[in-house]
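Numbering (this note's numbering), first residue to last: 236 to 855.
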């Protein structure tokens with residue numbers, strides 16, 4: 236290995252970065268490098284996804300391109316709106332936790348202003364408390380590049396700021412970033428690099444070569460431009476006209492160049508010295524391979540009379556048997572069936588330390604009942620658990636209906652020291668959901684409970700519309716006529732799963748081309764060789780490539796995570812802009828991979844309506 240890409244964005248740099256982590260892994264294999272850093276804009280929400288994907292054959296280096304304001308972040312006005320970029324990488328697990336705290340702090344409602352940010356002075360003071368981070372600055376938009384460009388006193392100021400950063404991070408933990416991959420087109424990048432090399436000579440701070448990868452391959456630039464157009468609600472033609480008029484300058488590089496890919500060593504060697512490329516290996520070697528994943532770690536439920544969670548689970552099951560199963564005595568022909576089922580379930584849950592999970596869920600439902608809220612009787616596979624029935628978590632005896640326990644929980648899936656968690660949806664009235672979440676926060680601690688983020692992705696119809704809108708020459712009527720033949724993903728979920736099982740991927744658009752070919756043939760069709768043909772073939776191909784790309788961050792409708800420790804120790808906290816509350820910054824599966832207990836507390840409007848019926852009948 237001759238170099239490591241240390242400045243790489245994924246789709247988690249929403250509407251700016253294109254690459255899914257599986258595509259990054261494929262690109263690394265193609266260019267024969269065995270390590271890579273993930274440095275998304277202002278977020279580490281993709282870290283678990285990246286870690287799980289890349290660590291199978293490659294060394295994942297976790298980082299972030301933080302947003303830094305010149306003045307304190309609490310100053311929220313246009314004079315402090317322009318932000319600088321600073322790349323920070325975590326050297327080990329301690330450094331990762333420090334990075335989590337920086338990202339969480341940048342999302343503090345008092346600091347968030349259009350973007351998550353931290354003030355420069357506060358940032359440098361904060362990192363000075365840790366030697367577990369490595370950082371570099373120098374690409375266009377960073378503090379050092381801003382310092383040396385358009386500044387007659389650039390050298391003195393540049394030396395002072397570079398030394399200030401080295402002092403904060405510690406000698407050996409700060410590098411001057413040289414980014415030249417697009418310098419033949421972007422002259423400012425070349426000017427910044429030349430000046431920063433002089434500053435390196437004057438200070439002895441080493442330089443490091445970086446790309447500015449927003450997609451994997453050069454040809455992916457066309458797809459990234461669709462995302463950029465989506466963020467601005469403009470067509471490619473409109474953006475190009477604005478660039479000719481001197482507007483939208485921040486996007487000039489992306490629309491005039493295809494150099495924002497993950498480059499090979501030969502690509503980088505054209506512009507960088509051996510020393511600058513060797514520095515990428517130095518930094519990669521400074522970053523150890525550490526695991527940010529963890530086994531399920533729910534809070535230990537506080538049981539009465541000094542009982543352990545396992546003992547309390549058994550006690551509640553005995554109580555439930557006495558109340559609900561008195562008709563099943565030792566002489567009943569179903570006694571053995573019920574007894575063996577209950578004993579099997581209890582054995583599994585106690586041996587896998589899942590008792591606290593059931594006790595937590597039961598306690599939440601008990602609180603809902605105490606508040607007069609109507610709750611659901613049991614959704615999906617959860618109704619197949621006899622223990623849940625005995626504990627009043629569900630209201631359905633699974634035996635008469637032949638409900639299979641293994642559909643709810645299959646202990647055979649537990650492997651490699653990892654225990655999968657059960658999944659019990661907690662259905663509550665919409666009017667009481669926030670009250671119930673507040674109860675969970677009070678019981679387990681405000682810092683230990685949070686709702687979670689989710690990401691809207693481009694699905695078939697939306698992906699096709701975004702591409703057509705970016706092209707700018709297709710009428711709304713024709714766009715609607717084409718996309719009317721694409722079904723919602725939920726309506727063909729089984730077919731898409733079959734496609735994933737067979738091909739490793741799925742596409743609503745590909746399904747439609749196969750199953751609605753007669754409706755779409757005027758625009759696109761699949762020929763005998765499996766290639767797309769027709770006047771819109773290129774548009775369909777691009778839309779298929781963009782399917783499942785993340786585009787919008789929002790709050791999950793149901794997900795809540797609970798931890799025995801502050802969530803920000805293992806997961807970033809991000810701001811919900813609408814409600815000004817902090818959310819767990821990993822999606823549900825990633826929260827669970829990080830060891831957090833995820834609960835689904837669903838607000839069901841129908842329960843509100845049912846609760847109103849007695850009042851209506853009584854004329855209240």
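For each residue, glycine too, the CB sits at the ideal point set by N, CA and C.
Start-to-end residues for the alpha helix (DSSP H) that takes in residue i
i: residue 473; result: 471-479
i: residue 287; result: 282-289
i: residue 605; result: 590-605
i: residue 517; result: 509-521
i: residue 778; result: 772-781
i: residue 826; result: 823-828
i: residue 275; result: Residue 275 -> no alpha helix (DSSP H), and no H or E assigned at all.
i: residue 615; result: Per DSSP, residue 615 belongs to no alpha helix (DSSP H) and is neither H nor E.
i: residue 702; result: 695-706
i: residue 548; result: 544-559
i: residue 716; result: 711-718
i: residue 503; result: 500-504
Nearest-angstrom Cα separation, counted from residue j out to residue i
i: residue 807; j: residue 600; result: 28 Å
i: residue 286; j: residue 527; result: 8 Å
i: residue 471; j: residue 464; result: 6 Å
i: residue 584; j: residue 791; result: 28 Å
i: residue 837; j: residue 542; result: 31 Å
i: residue 516; j: residue 237; result: 7 Å
i: residue 268; j: residue 239; result: 7 Å
i: residue 597; j: residue 297; result: 38 Å
i: residue 691; j: residue 824; result: 15 Å
i: residue 742; j: residue 294; result: 30 Å
i: residue 390; j: residue 378; result: 14 Å
i: residue 799; j: residue 382; result: 44 Å
i: residue 335; j: residue 375; result: 25 Å
i: residue 645; j: residue 830; result: 19 Å
i: residue 693; j: residue 523; result: 35 Å
i: residue 762; j: residue 782; result: 21 Å
i: residue 746; j: residue 730; result: 8 Å
i: residue 851; j: residue 843; result: 13 Å
i: residue 688; j: residue 647; result: 30 Å
i: residue 428; j: residue 388; result: 16 Å
i: residue 322; j: residue 370; result: 6 Å
i: residue 519; j: residue 366; result: 15 Å
i: residue 197; j: residue 418; result: The structure shown does not extend to residue 197, since the chain is modelled only from 236 to 855, so the question has no answer here.
i: residue 289; j: residue 258; result: 10 Å
i: residue 744; j: residue 574; result: 50 Å
i: residue 772; j: residue 710; result: 17 Å
i: residue 405; j: residue 698; result: 46 Å
i: residue 704; j: residue 712; result: 12 Å
Integer-rounded CB distance, given that residue j should sit under 8 Å from residue i
i: residue 411; j: residue 373; result: 5 Å
i: residue 685; j: residue 818; result: 6 Å
i: residue 205; j: residue 397; result: The question about residue 205 has no answer here: the residues shown for the chain are numbered 236 through 855.
i: residue 621; j: residue 593; result: 12 Å between Cβ atoms; not a contact.
i: residue 531; j: residue 797; result: That belief does not hold up - the Cβ atoms of residue 531 and residue 797 are roughly 11 Å apart, past 8 Å.
i: residue 337; j: residue 403; result: Actually they are not in contact, since the Cβ atoms of residue 337 and residue 403 sit about 13 Å apart, beyond 8 Å.
i: residue 606; j: residue 667; result: 6 Å
i: residue 785; j: residue 247; result: 7 Å
Residue i: first and last residue of the uninterrupted beta strand (DSSP E) it sits in
i: residue 692; result: 684-692
i: residue 729; result: Residue 729 -> not in any beta strand (DSSP E); alpha helix (DSSP H) instead, spanning 728-738.
i: residue 664; result: 660-664
i: residue 295; result: 294-304
i: residue 832; result: 832-839
i: residue 252; result: Neither: residue 252 is in no beta strand (DSSP E) and is coded neither H nor E.
i: residue 325; result: 318-325
i: residue 796; result: 785-797
i: residue 810; result: 808-811
Residue-level contact to chain D via CB, residue i, 8 Å cutoff
i: residue 698; result: Absent here is chain D; the protein component of the structure consists of one chain.
Inset, instruction - Specify whether the segment 345-358 and the segment 290-307 touch according to this definition: at least 3 beta carbon pairs, one from each stretch, less than 8 Å apart. - result: yes
Inset, instruction - Could you tell me whether the segment 440-456 touches the segment 251-271, where touching means 3 or more Cβ pairs closer than 8 Å? - result: yes
Inset, instruction - Could you tell me whether the segment 487-502 touches the segment 262-278, using the rule of 3 or more Cβ pairs below 8 Å? - result: yes
Inset, instruction - Decide yes or no for the touch test of the segment 305-314 against the segment 273-285: beta carbon pairs closer than 8 Å, at least 3 of them. - result: no
Inset, instruction - Could you say if the segment 795-810 and the segment 627-644 meet the contact criterion of at least three C-beta pairs nearer than 8 Å? - result: no
Inset, instruction - Starting from the N-terminal side, write out each stretch of the beta strand (DSSP E) that is 3 residues or longer and does not extend beyond the segment 329-415. - result: 368-372, 409-413
Legend entry - Cβ contact check for the segment 602-621 and the segment 667-676: 3 or more pairs under 8 Å: yes
Inset, instruction - Decide if the segment 730-740 is in contact with the segment 751-762; the criterion is three or more beta carbon pairs, one per stretch, under 8 Å apart. - result: no
Legend entry - Within the segment 429-497, ranges of the beta strand (DSSP E) (whole runs, at least 3 residues): 442-444
Inset, instruction - Could you say if the segment 325-335 and the segment 310-317 meet the contact criterion of at least three C-beta pairs nearer than 8 Å? - result: no
Legend entry - Stretch-stretch touch, CB-based, cutoff 8 Å, three pairs: the segment 706-722 with the segment 675-685: no
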